[in-house]
Structures are given as C-alpha cells and as structure tokens.
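*Asks:* My structure is below; once you've seen it, I'll send some questions.
Number of protein chains: 2
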Amino acid sequence: MGLGYTLVNQRVYHMDILQVAKRANVSTATVSRVINGLPGVREKTSDRVRRAIAELNYVPNTNARSLRMGRTRLFGLIVSDINNPFFPELIDAFESLAAAQGIEVIFTHTNYDPIRFHNCVRRMIERNVDAIAVMTSEVEEEALQQATTAGVPIVLMNQRELAGKYPNVLVDYSVGFREALVHLLALGHSNIGFIAGPQTLDSARRRKDAFKSALKSHGLRMRAEWTAIGDMKVEGGRAAMDKLLSCNSSPTAVVTSNDLMAIGALQAAHAAHVSVPKNLSIIGFDDLPVASMMHPALSTIRLPRNLVAAQAFACLQQAILGGEGAAVEPVQPHLVIRNSTAPPANRKRR
Amino acid sequence: MGLGYTLVNQRVYHMDILQVAKRANVSTATVSRVINGLPGVREKTSDRVRRAIAELNYVPNTNARSLRMGRTRLFGLIVSDINNPFFPELIDAFESLAAAQGIEVIFTHTNYDPIRFHNCVRRMIERNVDAIAVMTSEVEEEALQQATTAGVPIVLMNQRELAGKYPNVLVDYSVGFREALVHLLALGHSNIGFIAGPQTLDSARRRKDAFKSALKSHGLRMRAEWTAIGDMKVEGGRAAMDKLLSCNSSPTAVVTSNDLMAIGALQAAHAAHVSVPKNLSIIGFDDLPVASMMHPALSTIRLPRNLVAAQAFACLQQAILGGEGAAVEPVQPHLVIRNSTAPPANRKRR
DNA sequence: CTGAAAGCGCTTACAG
DNA sequence: CTGAAAGCGCTTACAG
C-alpha cells in the first residue's frame, strides 16, 4: 500500500469543527460550547461531542479562534542574549508560568542590536501577542511606543529612567551589596576592592553606587586604586583584576559587578598565583549556574531571576485584565556564601 | 488632556486592511498585493498604498493571514531543559535562521517529563505550527505520531532508533573520541580512564562505544577499574572521579561523556589535591560555554550545536516544500585542546 | 438546551 | 492594472 498521497501540499482530509458537528449530530455552536467548557449543554449531548472529537482526533484551530476573539493567548518574550547564562532561568520561569495558563510564548533575542530590537517588537505586534515582556538590558523607546500604539501591554526590566512611563520590574541593589560588605568586614577584611561595569550602563552605575553607599554606611569610602572597570565579561574581569593585583597595596577582597567578571578575576588570581580565598576573597553578582561550578565555588549576590520573571508575568496579566499596568515590587538580591571568601591572610596589611 | 480611553478592553479605533484601502482609494485586494509584493500593481497606486500604510501605522493581522493561507510561518522548538547549558546555543542558532526567513519560533521545554512532552507537541499542533524541531534527548513516539497525523513535519535530534521513521539529525561520535584518544596517546598517556553516562541512555551508550572503538583501533581496551558511570551532571562526575582516584593504580588521563561530568571530575581532583593537568589530564564532551571558564580551561570534544540547529532547520524547510523529510548529514564533533591535558607526570607508571 | 447566521481580517481565483 | 466577493475555522449574540 502506498502512502495514499503523492501530491505535495494537497490536503487529503480536512478536520474542522463542522466535521465534528456532523459526526455528533449537533451544530458547530454546540461543539464550540463543549470545547470551551461553556455551561448549558446537556450531559448527553456533550458526551456525544466529546466522543466525536476523540474519534476524529480533532484539534481546534487557534488562528481562527484568535481572529474571532481578538486575543491570541500568546505572549512575547524579548531578551538580549540567550547565550548569556543570566537568561535561561528567566526564560524558563516565564515560560512555565505562561504554560500553566495555557499561554504560549514567542521568544526572540536582540543580540544587543537596536535594529533587531525594533524588529522583535514589530514581529510580536504582527503576531498579535497579548503582551510583551522586554527583558533586555537596553531598550528602544520608539519601539515601545509602537507597541503601546498597537494596544499591546509591555513590561520592562530594570529600566529606571522609564519607570514612570512603563511598568517595570526594578532591582533594588542596596541590600545585596550591603550584605556582601558586612560579610567581608565580619571576616576581617578592610581593604576591599570593586570591579565595576561600564559607567555608561545604568545598571552598572547603580551597582557601583550601591556598593559605595554600603561602604559609606560603615564609615568607609571607595578608593580609586582599588576600583577598576571591566566590560561585564570574563575577559574584562581578568584585566580589571590584573590591574588591582599590580597595585602596591592590593585589596584582600574584591566585589564585582557580575559573575562573569568575578570568574575573570578568579582566572587572573590563578595566573598570578594568588590563592583564592586564602590570599584573596572574591564576591560576584548574579549567581549564574557557573558560579557554583568554579573552583573555589563563587560566593555571589544572587539576583533571583525567577522572581523577575514572576513579577513581569503578573504585571502583564494584570495589564490585560485591568487596563493600566500594575505597580510591581522591586526585586532584592541577596548574598550567597560559598568558598571564594575567607579571612584575609596575615600578611602585608596597611 | 486625559488618555482618551477609560473603558477597559474597548477598542477605540480599529485598524485593518479596509481602512488602508479607503485611505488609498483602492480595494483591499490591491492593498494585499502591495503588502505581499505581488506583481501587477501600478507604481503610482502602490505608492499611494504604502503612504496610507505608513500614515495609519498599519500592521497586518497575522492570524487572519494564517487562517486564510493555511500556513502560519511559525515553527515549534522543543528542548528538554533550557537550564542545561547545552541548549542556548542551539536555540539561538535555530531562532536566528528562522528570523532570517520571517519565521517565528514558539519555544517550549519538557523538563524531561513525558507528560510535558505530549503537552508541548499538542500545544504546537493547536497553534498550527508549520513544523516542529524536537531537540530533546528522549522522545515520545505516540506524541510524534500525533504531529504526523496532523500533517506537521518533525525533525528529531540524535534518535538513532527512530532514524528510519522520522528525519533525524544524528551525531557521529567516532571521530571526536578518536581525536581525544590520539591526543592523549601523543602526550604519552597509556592509562586512560572513561567516565560514562547511564547506559540506559542511547547517547551515553554510543559515546562509550565510540571511545571503546577508538581504544580498540589502537590495540587498547577498556578496563573496568578505569571506567565509572555518572549521571551526566556535575555531581555524578565528581563521584565517578572519586572512584577512579581511589583505584590502586589510577589513570593518568580521563575522558568523560559530557562537560558537566568533566567539571565534576575537576572538582574531585581539586579536592583530592591532584593537580590538573600536571598529575591528571581531563577531556570533556560538548564544549559548553563554561568549559573555557574553568581553571584549567577544559579540553573537550566540541559538539557543534549551531550545525545541529542548521541541519534541523534545513530539514524542516525541505519537508514543508518537498513533502518527505530530507536526508541529513550526521554532525561530527571534534576535539578542542585547552589546558586540562598535558603529558603524564613521571611517577607510578605500570 | 440548541441552532442559524454573522463576522473576525485577511488572500485569491475570477471577471473586467 | 484593479475590484467584488467568497471563504479560511472559529465564537457569539440572537432567536426559539
């Protein structure tokens, strides 16, 4: 026996709600009611419909439904870079929340490219998503405006400058960096360095400010020779740490703006035969999955990405129901202590 | 001035192809032709239409188009676990290829759960995806059958047993493991261990077989005391390495079935004060992004996930056009040499 | 409790 | 080169 169809793209058999209706001897309206669990269908009738659906292996056509209802149950999720290990956990959490509500997620990434960002937003509008979560580090306001014009609710991540205009899952850095400082002080460190990110980036600036405030509240201050700037990647962390190590009285502990730079710092220490944590303590930020795989396992300030996802999702849900986007609680990172921090060695102290 | 709308969910203004047609003084058919770049529209007319589109900020409704055309330009992508660092690069590559063709990707993950797998497939069928890439380690044949019944082309990853029934991006492990062995032999190793994955997993079994064949082709054989089995995660790699280290004549080099276990092996070596690569060489498999972050940077057999994605995507494209799924070239991993391999130390050799 | 019919916003033969 | 009209597969007032 052959396959029964040789013509390409030819629909041999077409299953739709009408076929089901015929088989169950009812109208399409009734089939629709049964599918959607609407009340007011006699038990016996709905049984018959369900049987017909099962026998015919019928699956509703979501396009038709969406067209009719004006809602797609589709959310857009835009991230900057899926290869950045910051994002998978966020995507995971968001997708799981959506799936639990029967909502599908269209996923795109901008690769930090403003043009791609515009495209992403436009593609999502064309697909009639019900809402968009923009979980990128940078944002194009014009593109957001497009979504708003099209009536698509949006939520942003940590875009302080736009907090007035768009709902926004903000991160409150103060507690996390304070915890990191307290931990180091308790261990006996007083020479504490900081590896910052590019100060053109709002989030990098805010992390540095948070650490500065923490120092200040303990009567300490940031010292230029113990501060370095990196590119938020491994390589930049390594270079920054090299700089701090070459200082004539180098710090005994270093806090970094993210884990990738902490990993770079770790590599620089290894290369310079500075033992971590014996001769140098390091604290990262983010708590990427890699953090616990490093040797030594990295102490770090955990930014709870599942919470970010949950806030974003809840915010969008409410925007769809209630019109205006809801206010959202800022997310608070906390210190996770592992093995990259220890009391300072008894050596060259000032 | 107020916002102009206070009623929730009330469409103040509805933009569709008819509005554009009116504004440009043409029929909807002509607007459609212009949008889709169809020939046979006078320059002057299409200019007018384009202007109207721009002025009205019109965006076509993809649901309506899909319903009419019977194609959604939507692909499904199912992976097992986005938190597994194996996947981001694969997802990235797949999504980029799709975006270049104006195809959107709906993304779901099964979390290794057969029930969720069924759900994922069903959700994609309901969304009328044009094709599905099933990039999971395990697969439910019944669910695949559903897709086939619904006329949705599918491609699988490395499911050798189903290679006859479904198009399949296979991995040919032989070359990679042979390269790893040759590298270690050239360094002077002869006591070479292997950390395998659970032998219930087809891919784990095949990796072990590939290494065994490599040994055999060099007149060597696998020795039980130098072979351990782990769970494909960091923890399992650590336990397996502990076992190998406690052997009375432990191997001077170890090849593992994946990078996560190699990282575990590295941790075990650190804990036992065995220096890598000085006293122990380690080679992983996969080349995850973490591999190069480790200290020492991990030598590993790279499985090119961008190629897997490309093959899968091409296969689906062809299935949509040409009916039957196309044959696909197996993907070949290759050795990447970093710093976790070195000549064996001059000590207890047999 | 059930059905006939309109309409969601497109595309595409068909006619001119 | 352009338009009138049918139809994709649903849902939902409306009527009975």
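Residue numbers (this note's numbering), protein chains in the order written: chain A, 1 to 350; chain B, 1001 to 1350.
Where a beta carbon is used, it is the ideal one built from N, C-alpha and C, also for glycine.
In the DSSP assignment, find the unbroken beta strand (DSSP E) run with M1157/B in it and report its ends.
*Replies:* Start and end: 1154-1157.
*Asks:* Can you tell me whether DSSP reads A345/A as helix, strand or coil?
*Replies:* A345/A: coil per DSSP, three-state reduction.
*Asks:* Can you confirm whether R350/A, when its beta carbon is compared against all beta carbons of chain B, has any partner nearer than 9 Å?
*Replies:* Caution applies to R350/A, whose pLDDT of 39 falls short of 50 and renders its modelled position unreliable; the value that the coordinates give is listed next. By this cut-off, R350/A is not an interface position.
*Asks:* Any Cβ of chain B within less than 9 Å of the Cβ of V31/A?
*Replies:* Taking Cβ atoms only, chain B never reaches closer than 9 Å to V31/A, which makes this a no.
*Asks:* Could you tell me the alpha carbon to alpha carbon distance between E140/A and F117/A, rounded to whole angstroms?
*Replies:* Their backbone Cα atoms lie some 7 Å apart in a straight line.
*Asks:* According to a CB-to-CB cut-off of less than 9 Å, which residues of the stretch 1074-1088 of chain B neighbour chain A?
*Replies:* Against chain A - using a Cβ distance shorter than 9 Å - the residues of the stretch 1074-1088 of chain B are L1074, L1077, D1081, I1082, N1083, N1084, P1085, F1087, P1088.
*Asks:* Output needed for G230/A: all residues of its chain with C-beta closer than 6 Å, excluding positions within five of it in sequence on either side, in chain order.
*Replies:* Around G230/A: I195, G236, G237, A240, M261.
*Asks:* Mapping DSSP to helix, strand and coil, what is L266/A?
*Replies:* Correct three-state label for L266/A: helix.
*Asks:* According to DSSP, what are the bridge partners of R302/A?
*Replies:* Looking at the DSSP assignment, R302/A forms a beta bridge with D286/A, H334/A.
*Asks:* Within the same chain, show all residues whose beta-carbon is closer than 6 Å to that of K1208/B, passing over the 5 residues directly before and after it, in chain order.
*Replies:* Cβ within range, chain order: A1196.
*Asks:* Restricting to Cα atoms, I'd like to know which of A1297/B, T1256/B, N1063/B, R1065/B is closest to G1176/B.
*Replies:* With distances taken between Cα atoms, G1176/B lies closest to T1256/B.
*Asks:* Along the chain, where does the beta strand (DSSP E) containing T1256/B start, and where does it finish?
*Replies:* Per DSSP, T1256/B belongs to the beta strand (DSSP E) from 1253-1256.
*Asks:* Does N1119/B come out as helix, strand or coil in the three-state DSSP assignment?
*Replies:* Helix, per DSSP.
*Asks:* Against chain A, with Cβ distances strictly below 9 Å, would I1115/B count as a contact?
*Replies:* By this cut-off, I1115/B is not an interface position.
*Asks:* Is it true that the CB of V1155/B sits closer than 9 Å to the CB of V1134/B?
*Replies:* In this structure, V1155/B lies closer than 9 Å to V1134/B by Cβ.
*Asks:* Could you check if D47/A is buried or exposed, using at least 16 other CB atoms within 10 Å of its CB as the buried criterion?
*Replies:* Classification for D47/A: exposed.
*Asks:* With DSSP collapsed to three states, give me the class of I17/A.
*Replies:* Helix.
*Asks:* In angstroms with no decimal places, state the Cα-to-Cα distance between T1006/B and S66/A.
*Replies:* With a pLDDT of only 30 at T1006/B, under the threshold of 50, the placement of this residue in the model should not be trusted, and no figure is reported.
*Asks:* Since F75/A is in the beta strand (DSSP E), which residue starts that stretch and which ends it?
*Replies:* First-last of the beta strand (DSSP E) with F75/A: 74-79.
*Asks:* Assign N1036/B to buried or exposed, taking buried as 16 or more other Cβ atoms, counted over all protein chains shown, within 10 Å of its Cβ.
*Replies:* N1036/B is exposed by the Cβ-count criterion.
*Asks:* For S1340/B, does the three-state DSSP call read helix, strand or coil?
*Replies:* Coil at S1340/B, not helix or strand.
*Asks:* May I have the straight-line CA-CA distance separating S1250/B from A1268/B, to the nearest angstrom?
*Replies:* Straight-line Cα distance between these residues: approximately 13 Å.
*Asks:* Please list, in chain order, the chain B residues whose beta carbon lies closer than 8 Å to that of D92/A.
*Replies:* Going along chain B in sequence order, the residues near D92/A (Cβ under 8 Å) are I1082, N1083, H1109.
*Asks:* Comparing C-alpha positions only, which one of N258/A, N119/A, A186/A, G164/A sits nearest to V1059/B?
*Replies:* For the residues N258/A, N119/A, A186/A, G164/A, the minimum Cα distance to V1059/B belongs to N119/A.
*Asks:* With C-beta atoms as the reference, is S78/A less than 9 Å away from H109/A?
*Replies:* Correcting the residue type first, residue 78/A is Ile in the shown sequence and not Ser. Yes.
*Asks:* Run down chain B in chain order and give the residues with a C-beta less than 8 Å from the C-beta of I263/A.
*Replies:* Neighbours of I263/A on chain B, chain order: M1293.
*Asks:* Roughly how many whole angstroms lie between the Cα atoms of N1279/B and A98/A?
*Replies:* If I take the Cα positions, the gap works out to 50 Å.
*Asks:* Distance check for T148/A and C315/A, CA to CA, integer angstroms please.
*Replies:* Approximately 15 Å, taken between the alpha carbons.
*Asks:* Please say whether M124/A and V152/A have beta carbons closer to each other than 9 Å?
*Replies:* Yes, these two residues count as a Cβ contact at 9 Å.
*Asks:* Can a CB atom of chain B be found closer than 9 Å to the CB of S66/A?
*Replies:* Yes, its Cβ sits closer than 9 Å to a Cβ of chain B.
*Asks:* Among N191/A, K216/A, R23/A, T45/A, which has the Cα closest to the Cα of N57/A?
*Replies:* Answer by Cα proximity: R23/A.
*Asks:* Grouping DSSP H, G and I as helix and E and B as strand, with all else coil, what is N1061/B?
*Replies:* Reduced to three states, the DSSP call for N1061/B is coil.
*Asks:* Per DSSP, what kind of secondary structure is I53/A in: helix, strand or coil?
*Replies:* Helix, per DSSP.
*Asks:* Is any beta-carbon of chain B found at less than 9 Å from that of L335/A?
*Replies:* So no, L335/A is outside the interface.
*Asks:* Can you round the beta-carbon distance between V41/A and T30/A to whole angstroms, since I take them to be within the 8 Å contact cut?
*Replies:* So it is a contact: roughly 6 Å between Cβ atoms.
*Asks:* Run through DSSP, which three-state label would M1232/B get?
*Replies:* M1232/B: coil per DSSP, three-state reduction.
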